[in-house]
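The structure appears below as structure tokens.
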Amino acid sequence: MLTRKQHELLLFIQQRLEDSGISPSFEEMKEALDLKSKSGVHRLISALEERGFIRRLPNRARALEVIRQPDDVTGTAKPKSAPSRPDNVVEFKRPAPQPGASSDVIEIPLHGRIAAGVPIEALEDSQMLPVPAALLGSGEHYALEVSGDSMIEAGIFDGDYALVRRTDTARDGEIIVALVRGEEATLKYLRRVNGMVRLDPANASYEAQTYDPSEVQVQGRLAGLLRRYH
158 MLTRKQHELL LFIQQRLEDS GISPSFEEMK EALDLKSKSG VHRLISALEE RGFIRRLPNR
218 ARALEVIRQP DDVTGTAKPK SAPSRPDNVV EFKRPAPQPG ASSDVIEIPL HGRIAAGVPI
278 EALEDSQMLP VPAALLGSGE HYALEVSGDS MIEAGIFDGD YALVRRTDTA RDGEIIVALV
338 RGEEATLKYL RRVNGMVRLD PANASYEAQT YDPSEVQVQG RLAGLLRRYH
């Protein structure tokens, strides 16, 4: 059995898929169910997913698929000879086909600002950034807004969005997101010199930063950039 809110959300998702072929956004689900925050939507989605009623399609924007409906929603437990359908039973149709991969826009987490100069704290939040799928390869990705100009010679400017493939390993010469001393994140070239980790800028006005390996954790490799023009 589903709770009333779970039932309402399942119905809302199914109807939106039927109408447009695209599942609703978390903001739309929040408003439709009159919830105070998106965290409530996340809990309902997780509950429906755990119970096997929906599933999330990986690397797709707003991609939810209804894979099962409860008997008390669809009326599947009703005898075939029943003369009529009760008022509280809703009949679902098969969801419309999802858009093809060639036209996908992927929503990835946007985790605040990252320094392209002196390291600053990488802020965590719940925003999502829509990104053309063609800009990303395989794997899990997230985005960080660039703050500073220490990577301008690599074509990375203040206000750009760094698209980062999540990983904890990287080769020398790659541009990485480095978490320094467990507190601050920065975007730099990775170099390993004489047993130390050096984070190199791409701006002659800045100096390289050298740390003990235990002080630096690789949190991702740069996969692409997204720039907005004003």
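For this note's numbering, count along the sequence shown from 1 and bump the result up by 157. We put the beta carbon where it would ideally sit given N, CA and C, even for glycine.
Rounded to whole angstroms, Ala359 and Ile170 show a C-alpha spacing of 47 Å. In the displayed model, Leu167 falls within a helix according to three-state DSSP.
Remark: C-beta atoms of Arg323 and His298 approach each other more closely than 8 Å.
Beta-bridge annotation (DSSP): Arg200 is not paired with any residue. Only residues of its own chain outside the window of five on either side were considered, and among them Ile170, Arg173, Leu174, Arg219, Ala220 and Leu221 have a CB closer than 7 Å to the CB of Ser180, listed in chain order. Taking 8 Å as the cut-off, the beta carbon of Thr326 is found no closer than this to the beta carbon of Ile271. DSSP links Pro287 through a beta bridge to Glu264. By the neighbour-count criterion, in which a residue is buried when 16 or more other Cβ atoms sit within 10 angstroms of its Cβ, Met353 is exposed. The alpha carbon of Gln284 has as its nearest neighbour, out of Ala290, Gly296, Glu264 and Leu292, the alpha carbon of Glu264. For Ser304, DSSP records a beta bridge to Ala272.
With distances taken between CA atoms, Asp261 lies nearest to Pro289 out of Leu166, Pro289 and Leu267.
In terms of CA proximity to Glu331, Val321 leads the group Ser295, Asp191 and Val321. Shown here, Gln172 sits in a helix according to DSSP, grouped into three states. Residue range Glu341 to Val350 is occupied by the beta strand (DSSP E) that includes Lys345. With a contact defined as Cβ atoms closer than 8 Å, Asp317 and Asp306 miss out at about 11 Å. Of all alpha-carbon atoms in Ala380, Gln376 and Ile333, the one lying nearest the alpha-carbon of Ala291 is that of Ala380. Residue pairing by DSSP places Asp357 opposite Tyr346 in a beta bridge. Judged by DSSP in its simplified three-state form, Ile332 adopts strand. In the structure shown, the three-state DSSP call for Arg161 is helix.
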